[in-house]
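Down below is the structure, laid out as structure tokens.
2 protein chains.
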Amino acid sequence: MPHRIVIIGGDGAGMSAASQAKRRDPSLDIVAFEQGPVVSYSACSIPYYVGRVVDTMEPLIARTPEAFRQMGIDVRTGHEVQLIDRVNQRIQVQAAGTRRWEPYDDLVLATGASPIIPPWPGVDADGVFVVKTLEDGRRIRQYIETRHPRTAVVVGGGYIGLEMAENLQAWGIQTTLLEQQAQVMPTFLDADMASLVNQALTALAVTVSLNDEVLGFQITQGRVRAVQTRHQEWPADLVILGLGVRPQSALAREAGIPLGIKDAVRVNPYLKTQVPHVWAVGDVAETRHLVTGKPIYIALATVANKQGRIAGLNLSGSTLTFSGVLGTAITRVGPTEIARTGLTPADAEAADLAVRTTRVETETKLGYFPDVSTITVKLVAETGTGRLLGAQIVGGPGSGKRIDTIAAAVTARMTVTDLIDLDLAYAPPFSDVWDPVQVAARTLVSKI
Amino acid sequence: MPHRIVIIGGDGAGMSAASQAKRRDPSLDIVAFEQGPVVSYSACSIPYYVGRVVDTMEPLIARTPEAFRQMGIDVRTGHEVQLIDRVNQRIQVQAAGTRRWEPYDDLVLATGASPIIPPWPGVDADGVFVVKTLEDGRRIRQYIETRHPRTAVVVGGGYIGLEMAENLQAWGIQTTLLEQQAQVMPTFLDADMASLVNQALTALAVTVSLNDEVLGFQITQGRVRAVQTRHQEWPADLVILGLGVRPQSALAREAGIPLGIKDAVRVNPYLKTQVPHVWAVGDVAETRHLVTGKPIYIALATVANKQGRIAGLNLSGSTLTFSGVLGTAITRVGPTEIARTGLTPADAEAADLAVRTTRVETETKLGYFPDVSTITVKLVAETGTGRLLGAQIVGGPGSGKRIDTIAAAVTARMTVTDLIDLDLAYAPPFSDVWDPVQVAARTLVSKI
């Protein structure tokens with residue numbers, strides 16, 4: 003009998019594990035159960051599908067079930083896993099009304115995350131959407147195309163909220179972004195950097211309401227018409243909830259598989275759970291922060307794909323560890339690029355690290371180029387040692403991906419001085435002779 | 003008496019040293035002698051001045067002599083240093099026809115480099131230019147504006163050659179780029195990557211002639227009319243020589259200050275020469291390659307400014323070392339971005355390092371964005387260890403500065419696997435879930 007690997011969940015993490023393992027060891031018998039109709043899709047693209055940057059769904063599907071089957075991976079969509087029997091190493095699967103047991107030698111939990119939907123009165127009305135699956139995207143766009151909403155409210159100022167606001171505004175829908183906290187992107191950026199994002203939203207004519215809290219919805223004939231908040235009633239023919247996600251770990255919990263931070267499945271650096279022959283990857287699993295060394299829950303496609311790759315290699319004979327993450331993330335609001343990596347000062351404080359910060363505004367390239375933009379770089383470094391801990395960037399085209407240089411530097415445990423010394427690329431159309439991240443580092447070094 | 007620092011050469015390296023030292027220790031008496039009329043200018047911007055990206059010279063001058071004087075630095079333009087008397091710690095300076103001796107406690111050689119001009123017959127004709135000083139730029143642009151050349155030949159396929167070809171073509175001048183070797187950018191890129199640059203030049207309607215050698219010039223009434231090469235006679239109302247530079251180290255050599263590689267002034271990691279109280283920075287000085295640890299001569303503004311900064315800090319009491327360079331560089335040809343860092347396979351072979359390489363073509367962002375471009379990443383890693391040694395990138399907008407991530411990784415002595423593990427920023431408008439540099443790394447890791 004070939005070794006049988008069963009994967010629960012057919013998105014990026016699970017299918018990365020499947021394809022990596024199969025490529026390394028074609029003798030493996032790999033089967034993936036996905037409750038939805040598609041596997042391996044780009045959830046991050048849904049806002050751009052809604053905004054018609056991409057016209058059809060096809061480009062959002064990285065690989066079809068058929069393509070996986072041609073690789074020798076048995077993909078079964080429309081299959082819902084209901085139980086994990088870890089004693090007998092089998093799972094109970096339901097499809098088309100019937101249930102059966104499927105045995106496994108190794109089990110990979112890749113059940114992902116589900117959007118947070120508070121129990122607000124009226125939250126299930128017509129016109130209120132979350133942004134998670136391709137089906138969500140299809141329904142939102144269809145709603146726009148058939149109901150022609152003139153006003154929209156996006157609840158939640160995280161990256162999904164920002165991206166949805168931009169893409170609704172692109173339809174000419176008058177959009178309001180509500181955020182409960184005093185700034186947008188509260189878990190991503192410091193307040194000073196977030197205020198630059200506010201400006202970018204305002205430039206797109208998106209209304210931003212901070213410190214605002216949803217109380218309920220005004221519904222007419224089953225359809226949403228307004229959002230009632232602490233501040234006022236916001237007209238809304240369309241409401242998007244972008245309130246973050248939580249791990250879909252109920253199946254694991256019911257099977258007695260230990261959970262960790264924020265109820266994500268606890269894994270060791272090999273991506274194994276605390277139960278023999280059970281692994282977990284992607285949005286259902288916890289990960290580790292590279293700087294603090296502590297468990298962290300980050301539901302991002304990059305993390306999911308990296309974990310899937312490592313698990314797949316380990317399932318086919320390697321003993322690799324997943325080193326961890328920095329929470330690197332990027333998005334845009336119109337022409338404004340927003341990126342971050344590592345610790346914010348608040349994160350650092352929570353980890354008992356004393357820090358110094360600097361915030362420097364400079365330009366993306368030499369100032370005489372017609373397409374030059376402002377770029378603001380904020381750096382966070384440990385007091386005394388000067389070790390670089392994190393960074394935030396907000397600026398025009400060419401700004402955001404500069405975060406990668408800092409992500410590499412933080413990973414390598416470089417100091418602010420090391421960042422100054424880095425031999426980064428310079429030519430007038432790309433940068434000043436000191437790259438903006440180095441200009442910031444030069445300011446910070448004098449404070450340490 | 004205050005400690006007196008004398009700087010020879012008022013460009014980036016020298017003036018960085020001056021301003022860094024003065025800022026740290028205002029008690030220092032700092033004087034800078036510059037033979038030309040301006041200090042601290044952006045030589046790298048000259049092609050863009052010629053091409054009218056920038057209309058006036060002012061934006062090319064980072065800081066005027068007057069601004070330095072306000073910082074307390076005594077800048078003397080039009081002053082040529084003729085001798086260094088290292089025994090008596092003084093230099094002989096000539097200005098306005100008179101000579102005098104100036105004493106120093108510390109001397110900083112920042113005399114830069116001069117363009118290579120082969121002794122070709124006719125090379126001093128009207129219409130043949132080098133690209134080094136602002137005055138060169140002014141003369142080239144004036145020549146274009148008054149003589150309306152219809153054809154041009156750029157001799158040399160390095161980055162200055164490429165940038166001049168782009169900017170001459172922008173005037174509608176039919177431009178030919180001549181390169182003696184079998185590829186453009188021979189010291190920058192491998193032949194396979196250089197062929198992509200050829201395509202970019204061709205797309206701009208620049209004619210490229212490889213394996214071609216200048217024999218002389220056809221001159222009519224003192225003005226250039228054509229370039230005679232081994233292949234053919236190329237019509238040329240204008241000729242640009244972009245054949246690289248050599249260090250202006252004659253003054254140092256005559257004073258018995260030891261030279262190193264390519265006749266650049268030998269310096270230790272503190273930027274001191276082998277003669278007491280004499281330092282050297284910028285294009286006149288040698289530097290060290292971070293990967294091979296060997297001396298190397300690289301005349302780039304980034305290196306010059308970094309060396310100037312370190313020397314300035316050391317002149318004001320620090321004992322910092324300049325760690326070295328990777329030869330990171332970037333340029334563009336129309337929309338095509340070209341970047342490199344670290345060792346090419348040929349460099350590695352010369353350093354007795356066995357390498358594996360990979361070249362991967364992918365896309366700058368998710369394929370459905372209308373402004374997506376092709377990006378080709380070539381990685382070089384050491385066989386066995388997998389240590390990342392270098393990279394080359396050619397691609398559309400958003401490609402080039404990705405080299406910085408690899409430069410940071412090479413500096414940190416990361417392996418190809420470490421590059422795969424890096425938490426780089428992903429969102430659909432910026433990258434696929436695996437950044438192109440990681441896609442290349444994933445291909446390479448299987449070869450090691």
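Top to bottom, those sequences are chains A and B.
Quick note on the working numbering: the first sequence kicks off at 3 and runs consecutively.
Quick note on the working numbering: the second sequence kicks off at 3 and runs consecutively.
Heads up, the beta-carbon is just placed ideally off N, CA and C, and yes, glycines get one too.
Quantities reported herein were computed from a predicted structural model and do not represent experimental measurements.
Q | Paired residues, beta bridge with alanine 282 (chain B) - DSSP | A | Residue pairing by DSSP puts alanine 282 (chain B) in a beta bridge opposite B:Leu111.
Q) Which ranges does the beta strand (DSSP E) cover as unbroken runs of at least 3 residues, wholly within the region 305-354 of chain A, from first to last along the chain? A) Segments of the beta strand (DSSP E) lying fully in the region 305-354 of chain A: 331-335, 338-344.
Q. If you run the structure through DSSP and keep just helix, strand and coil, what is phenylalanine 70 (chain A)?
A. If DSSP states are grouped into helix, strand and coil, phenylalanine 70 (chain A) belongs with the helices.
Q: Compare the C-beta of methionine 416 (chain A) with all C-beta atoms of chain B and state if any pair is closer than 8 Å.
A: At least one beta carbon of chain B lies nearer than 8 Å to the beta carbon of methionine 416 (chain A).
(Q) Report the start-end ranges of each beta strand (DSSP E) in the region 154-195 of chain B that is 3 residues or longer and not cut off at the edges. (A) The qualifying runs are 176-180.
Q | chain B residues whose Cβ lies nearer than 7 Å to that of valine 95 (chain A) | A | Those within 7 Å of valine 95 (chain A) in chain B number zero; the least Cβ separation is about 28 Å.
Q: Would you grab the beta carbon distance between glycine 218 (chain B) and glycine 158 (chain B) for me? Rounded to a whole angstrom, and I think it's under 8 Å.
A: The beta carbons of glycine 218 (chain B) and glycine 158 (chain B) sit about 16 Å from each other, so the pair does not count as a contact at 8 Å.
Q: State the Cα-Cα distance for the pair valine 280 (chain B) and isoleucine 9 (chain B), rounded to the nearest angstrom.
A: Roughly 10 Å separates the two Cα atoms.
Q: Go ahead and label tryptophan 236 (chain A) buried or exposed: buried means 16 or more other beta carbons lie within 10 angstroms of its beta carbon, across all protein chains shown.
A: With 16 or more Cβ atoms within 10 Å of its Cβ, tryptophan 236 (chain A) is classed as buried.
Q. Comparing alpha-carbon positions, which option in B:Ile450, B:Arg334, B:Lys380 lies nearest glycine 160 (chain B)?
A. When the alpha-carbon of glycine 160 (chain B) is set against those of B:Ile450, B:Arg334, B:Lys380, the nearest one is in B:Arg334.
**Q.** Endpoints, the beta strand (DSSP E) within which threonine 387 (chain B) is located
**A.** Counting along the chain, threonine 387 (chain B) falls outside any beta strand (DSSP E), and DSSP gives it neither H nor E.
Q: Tell me whether lysine 367 (chain B) sits in a helix, a strand or coil according to DSSP, three-state version.
A: DSSP, reduced to helix, strand and coil, places lysine 367 (chain B) outside both helices and strands of the structure shown, so it counts as coil.
Q) Just reading off the beta strand (DSSP E) that valine 210 (chain B) is part of, what are its end residues? A) Note, valine 210 (chain B): beta strand (DSSP E), 209-211.
Q) Who are the Cβ neighbours of valine 447 (chain B) in its own chain at under 8 Å, not counting the five residues just before and after it? A) Excluding positions up to five away in sequence, the list reads Gly388, Val418, Thr419, Ile422.
Q: With DSSP as the reference, label aspartate 128 (chain A) as helix, strand or coil.
A: Looking at aspartate 128 (chain A) - three-state DSSP - the assignment turns out to be strand.
(Q) Between which two residues does the alpha helix (DSSP H) holding threonine 407 (chain A) run? (A) Segment 405-413, the alpha helix (DSSP H) holding threonine 407 (chain A).
Q) Hey, out of A:Glu181, A:Met3, A:Leu170, A:Thr289, whose CA is closest to arginine 54 (chain A)'s CA? A) Taking arginine 54 (chain A) as reference, the option from A:Glu181, A:Met3, A:Leu170, A:Thr289 with the minimal CA-CA separation is A:Leu170.
Q: Can you give me the Cβ contacts of aspartate 107 (chain A) inside the same chain, cut-off strictly under 8 Å, excluding the 5 residues immediately before and after it?
A: If we look at aspartate 107 (chain A) and ignore the five residues flanking it on each side, its Cβ neighbours are His5, Arg6, Ile7, Gln91, His279.
Q: Run down chain B in chain order and give the residues with a C-beta less than 9 Å from the C-beta of tyrosine 272 (chain A).
A: One finds nothing in chain B with a Cβ atom closer than 9 Å to the Cβ of tyrosine 272 (chain A); even the nearest lies about 14 Å away.
**Q.** Top-ranked residue by Cα proximity to valine 52 (chain A), from A:Met73, A:Val110, A:Gln201, A:Val133
**A.** Ranked by Cα distance from valine 52 (chain A), the first of A:Met73, A:Val110, A:Gln201, A:Val133 is A:Val133.
**Q.** Rounded Cβ spacing between leucine 273 (chain B) and asparagine 316 (chain B) (contact assumed at less than 8 Å)
**A.** The Cβ separation is near 7 Å, so the contact holds.
Q) Residues in the region 31-46 of chain B with C-beta within 8 Å of chain A's C-beta atoms, listed in sequence order? A) Per Cβ criterion, the list reads Ser44, Cys46.
Q: Could you tell me the boundaries of the alpha helix (DSSP H) in which isoleucine 142 (chain B) lies?
A: Here the alpha helix (DSSP H) through isoleucine 142 (chain B) covers 136-149.
(Q) Short of 8 Å in beta carbon distance, which residues of its chain neighbour aspartate 138 (chain B), apart from the five on each side in sequence? Order them along the chain. (A) Within its own chain, the residues whose Cβ lies closer than 8 Å to the Cβ of aspartate 138 (chain B), once the five positions on either side in sequence are excluded, are Ile48, Phe131, Val132, listed in chain order.
Q. Beta carbon of valine 247 (chain A), beta carbon of serine 116 (chain A): below 8 Å?
A. Result yes, Cβ atoms of valine 247 (chain A) and serine 116 (chain A) sit closer than 8 Å.
Q | Anticipated Cβ contact below 8 Å, aspartate 285 (chain B) with leucine 426 (chain A), distance rounded | A | Contact between aspartate 285 (chain B) and leucine 426 (chain A) does not hold, since the beta-carbon distance rounds to 19 Å and is not under 8 Å.
Q: Rounded to whole angstroms, what's the CA-CA distance from arginine 255 (chain A) to leucine 261 (chain A)? Just pull it up for me.
A: Using only the alpha carbons, I get a separation of about 7 Å.
Q | C-beta atoms of isoleucine 44 (chain A) and arginine 311 (chain A) nearer than 8 Å | A | According to the sequence displayed, residue 44 (chain A) carries serine and not isoleucine. One thing to note: serine 44 (chain A) has its Cβ no nearer than 8 Å to the Cβ of arginine 311 (chain A).
**Q.** Identified DSSP bridge partners for histidine 291 (chain B)
**A.** Histidine 291 (chain B) pairs with B:Val327.
Q.
Taking DSSP's pairing of strands, which residues face glycine 38 (chain B) in a bridge?
A. In the DSSP assignment, glycine 38 (chain B) is bridged to no other residue.
(Q) Under 8 Å: do the region 122-131 of chain B and the region 99-113 of chain B share three or more Cβ pairs, one atom per stretch? (A) Judged by Cβ distances under 8 Å, the region 122-131 of chain B makes no contact with the region 99-113 of chain B, as fewer than three pairs qualify.
Q | Neighbour flag for isoleucine 405 (chain B) against chain A, beta carbons, 8 Å | A | Closer than 8 Å to some Cβ of chain A, the Cβ of isoleucine 405 (chain B) qualifies, so yes.
(Q) Just to check my reading of the structure: glycine 397 (chain B) and threonine 376 (chain B) have Cβ atoms closer than 8 Å, yes? What is that Cβ distance to the nearest angstrom? (A) Indeed, because the Cβ distance is near 6 Å, the residues count as touching under 8 Å.
Q: Pick helix, strand or coil for glutamine 22 (chain A), following the three-state DSSP scheme.
A: Glutamine 22 (chain A): helix per DSSP, three-state reduction.
Q: Taking only beta carbons into account, state which residues of the region 141-169 of chain B come closer than 7 Å to chain A, listed in chain order.
A: Within the region 141-169 of chain B, no residue places its CB atom closer than 7 Å to a CB of chain A.
Q: Consider the Cβ of leucine 424 (chain A): report whether some Cβ of chain B lies at a distance smaller than 8 Å.
A: The beta-carbon of leucine 424 (chain A) is placed less than 8 Å from the nearest beta-carbon of chain B.
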